[in-house]
Every structure is written in structure tokens, then in C-alpha cells.
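Sequential numbering from 1 applies to the sequence shown in the UniProt record's numbering. Don't be surprised by glycine CBs; every beta carbon is placed ideally from N, CA and C. None of the values given here were measured: they were computed from a predicted structure.
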Amino acid sequence: MVSTSGHQLLPGDAIRNLRELLLPMTTLLTPNIPEALLLVREADSDADDNMQYGDETPPTPLSPTCLEDLKQLAKMVHGLGPRAVLLKGGHMPLTTSYDRATTDEEMAVTVDILYDGARFTLVESPYLRSRNTHGTGCSLASAIAANLATTKWRHGGTKLFDRRDTLFGSLPAAVRSAVHYVSVGIQTSHDDVGGSGDRGCGPINHFHNVHTLPFSRGHFVDDCLLSDPRVAPVWERYTRHPFVTSLARGTLPEKLFKNYLVQDYLYLTHFARTHALAAYKSRSMDSIVASANIILHIRREMDLHLSYCEEFGIQKSELDLDHDLELDRDAVVTPSASLSTSGGRRPARRTKKESLACTAYSRYVLDVGSSQDWLAIQMALAPCLLGYAEAARLARVDPARKTTAQGNRYWRWVENYVAEDYLQAVRAGRDLIERHMTKQSPERINELIDIFVRATEMEVKFWDFDAHPDIDEDDE
């Protein structure tokens, strides 16, 4: 109805027929902001016909000035009949605080808004300064349709659209992937194809993604990994685990939390060992340095653990080995004496013993590291790195959460995993995976996802309430 350049392409009668006859039969409508305003104003005879997009008028959905106005506009368009609406935000770049940008310097992001009558799904993209935007609307709609068809094919050709919950469960992932496709198409477009000088807008690069990978470059984690049918259910159980929910609400029994602190500290030692193994298996200095930085962050995390443990009456001496296995230079070690404290070799001791859940998880990760390549190690480690950040993020916005000021002794745990230094480590680990995943075959990607699934299952078990009973080194 309205082109990217702002020209109205349909006369008023055609718009009325479209609204009255086609919209009630539409599964997904994808208007840009001018088109959405045109539809709503045409439908509302009481609207001010002279009101133009961008006029200095009081902020309303018909003259949007912020993200919330755009969400209400999407809701109004949905009321005209389509089953779902994707309001494209490219005509209104937003600031970092999600207000309408008024200068070039303020233009930071664009937000596409999917509304299905029950919930909003927001897809945020960096604002791109490019003249090569010709055909973005057609490309986006086609990509969404193709993604939905691909989803239907993955489910064995089932009647995807017969059930509303099945269709609407597939839409967010289809839309998100399509938006990323168009965004990268703009980023990788070529000025010499069109859009320079007086030749108007050039086309996006539709072929940037012509390869066998099932995700857009830089979006493996979102578009392929976490949306994979093998991953999504266990990831949901992991990041929304009752352990973290109870922790955020301050209802977790103290005994469970203390046992968890002990086992998590013991696991972090193996976590650091595995990253050291990843550094050993790396072939580039950048990867080696990245692993080293993560190990240093783990060390800082363990220091925080120790201070937290002390608050709950757990001493460092209960967690660390008293000493490494030491050999007296003057002693003669015999098989019978090798395990005694008087035969020259003194066994290392700690008061606390690993739980079976801790041992199973840590040894699985180390086994992957020993038997497979560098990227396999990263995939085995990724659930811990990515999942703690996501679980803490969800806990932070839990309406029933209780902070330290409200008497929740556990809240500091949440704060540790939403802190910027931890999120920086998450971004570094994620970027490493994204850069290397584009070099893998589809078969190898499938194998790596299986590793991620297994490690995520181990994380779920690690948080289960019966995972870490009271066990000491001397227990039989």
C-alpha cells in the first residue's frame, strides 16, 4: 500500500476493499508504519484525516513517538481482522531508550512487533544506514512464509495451520529468522547494484544466505540452537527451573542452597580445567586468549562463591584440597605405601565430597573435551555459560521476586549472573561459537547440538532438589 520511499500505491477504494474483504481472511498481515496508520485511519471515520505521520501532535498510537505507541498501533491493526500482525518498524528508528529518534545520531535500533491477539513478540535490530532497501517488505513476507513451510516440513507434513496454538507457536521463530535474513541482506548489499547517485533505492542482497546452514550468519544460537526441537523443551526446564524460581523468591530451603554452593564450587574447578583443555586444543591465539579470559572470570566467580559460602557458614578449607599429592624426595614409595600418609605420598583431602550429579556432569564435559575437538568442548560448556545468564535474567523480572532489601539472602546470586562482567564473558563465549559454527557441515552441526542437549540435561539434574544430599569425604 505504501512503498519504502513513502508513496501510496493503492487508491482509497482499494484500501477499503482490502480492509473489509481480505483482512478477515489473512493469517499474518505485515504492514509498515505508514500502511498501518492508513488502515486504522481509513477504518475510523472519527480520526483526523489531516493528521500525518510525524506531525507534532500529542503522542497516541496514531502519531507514535515511542515503542509503546507502536505496540498499541499493532493492536489496533489486529482489531481489523487478521489473525496476527507484524508491524515493521523500519520507518521509525528508535533511540536506546525506545523513543522516536529525532536526529541521525539518536537512531540506534528498529523494532518489529508481532501481535497475535494474546501476546507481543518484539524483534530488535540495529538501525542500518543504507539506501539498499528496495524489496524489503516482499522479501520479509516471503521469508516468513518459507520459514513456516519449512517448519511444516520438519514436522513431517502435518497440517500445521489446522490448530491455532500450533501456528501461533511457530510464528515468532519464523518471523525472527526472517527479520534477521532481511537485516543481514541489507548489511551485505552492494551499492554498485543500485541505490547510488540518482538511481533510487537498491536491492538487498538476497543471496547472502545461500549455503547449507540453517541459520543466518551470527544468529546460530537464536535461530538454530535454542529453537531446535531437541533443545527447546530441556532449555525451558533449565532456564525456568524451580530451584532458581525459589531462589529468586527467597523460598528455597537454606540446606538445599548450601549444598548447591558446595557442589557448584567443586564443579567450577572442572569447568576451568575444561576451558584450559579448550585452550590447549585451540589453533589460534585469539581462541587461546578467549579461553584464558574465561578461566580468569571463573576464578573471580569462585572468589564470590567463597564469600557467599562464608555467609552460610561454609569454610574454604571444606571445599579446597588441603594440598596436591606430594612426594617426599627421601621416601621410598612401594605399592603398599603409596596410599598411606607414612609411605612418602600424602593423599590430598577435602571435607566435602562431590555429589553424583556433580561428578557425572563434570566428567561428561571433560570426556567430550578429551575425545572431541575444540568446538565440541565449547558446545558442552555453552549451557552453563549461556543458561545461567538467561535463568538469572528471568529471575530478575519475576513479579514475585524478593531482593536483598526485602530480606532475600539469595538475591546476590541473581545479581552475580546479570552483572556486566559475567555478561561480557557470555558474549565472548557466544561470539566464539557463532564464528566457528558457520564453518561446520550440517551433519556436524547436528552432532554438536546433541552435545548441547546432553549438557543441558546435566544442568537440569544439577539444580534438581535431590541432586546434592549431605555428603562428606568420610561418608561411606
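Contact between Ile-295 and His-275 holds, since their C-beta atoms are separated by about 5 Å, short of 8 Å. No beta strand (DSSP E) of 3 residues or more sits fully in the UniProt domain "Thiaminase-2/PQQC" (229-320). In this structure the segment 402-410 touches the segment 247-258; the number of beta carbon pairs closer than 8 Å is three or more. Proximity of the segment 259-269 to the segment 456-470 meets the contact definition, three or more beta-carbon pairs being nearer than 8 Å. Note that the C-beta distance between Cys-224 and Pro-214 is below 7 Å. For Leu-87, the three-state secondary structure derived from DSSP is strand. Taking 7 Å as the cut-off, the beta carbon of Ala-467 is found no closer than this to the beta carbon of Val-244. For Thr-26 and Ser-291, the gap between their C-alpha atoms comes out near 50 Å. Residue nearest to Leu-356 within the set Leu-432, Tyr-267 and Ser-371 is Tyr-267 (criterion: CA-CA distance). When secondary structure is reduced to three states using DSSP, Phe-207 falls in the coil class, being assigned neither helix nor strand. Comparing alpha-carbon positions, the option among Lys-88, Ala-380 and Gly-90 lying closest to Ile-433 turns out to be Ala-380. If you look at Thr-359, you'll find it in the alpha helix (DSSP H) that goes 356-371. Nearest neighbour of Asp-191 by Cα position, chosen from Ser-130, Thr-150, Thr-151 and Ser-139, turns out to be Ser-130.
For Phe-271, the closest C-alpha among the options Val-231, Pro-383 and Lys-353 is that of Pro-383. Taking 7 Å as the cut-off, the beta carbon of His-91 is found closer than this to the beta carbon of Asn-32. Closest in alpha carbon position to Arg-409, among Leu-94, Glu-254 and Val-426, is Glu-254.
Counting only runs that start and end inside the segment 166-190, there is no beta strand (DSSP E) element of at least 3 residues. With 16 or more neighbouring CB atoms inside 10 Å of its own CB, Met-458 falls in the buried class. The residues Ala-380, Arg-454, Ala-455 and Met-458, in chain order, have a CB closer than 8 Å to that of Tyr-364 in the same chain once the five nearest residues on each side in sequence are set aside.
Only residues of its own chain outside the window of five on either side were considered, and among them His-208 and Ser-216 have a CB closer than 6 Å to the CB of Val-184, listed in chain order. Only buried fits Val-426, as 16 or more other CB atoms lie within 10 angstroms of its CB. Bounds of the alpha helix (DSSP H) holding Pro-34 are 33-43. Spatial neighbours of Leu-448 in its own chain (CB-CB distance under 6 Å, excluding positions within 5 residues in sequence) are listed in chain order as Met-379. The bridge partners DSSP lists for Asp-99 are Cys-66. Residue pairing from DSSP leaves Ser-139 without any beta-bridge partner. Taken atom to atom, the span from the alpha-carbon of Ser-307 to that of Ile-314 is near 9 Å. In this structure, Ala-278 places its C-beta atom within 7 Å of the C-beta atom of Ile-377. From the listed residues Ser-441, Ile-445 and Ala-389, the smallest Cα separation to Gly-429 is found for Ala-389. In this structure, DSSP gives Pro-126 an extended state, which the three-state scheme calls strand. Here the alpha carbon of Phe-220 sits roughly 10 Å from the alpha carbon of Ser-227. Here His-134 is bridged, per DSSP, to Pro-203.
Note on geometry: alpha-carbon atoms of Arg-283 and Asp-373 lie some 11 Å from one another.
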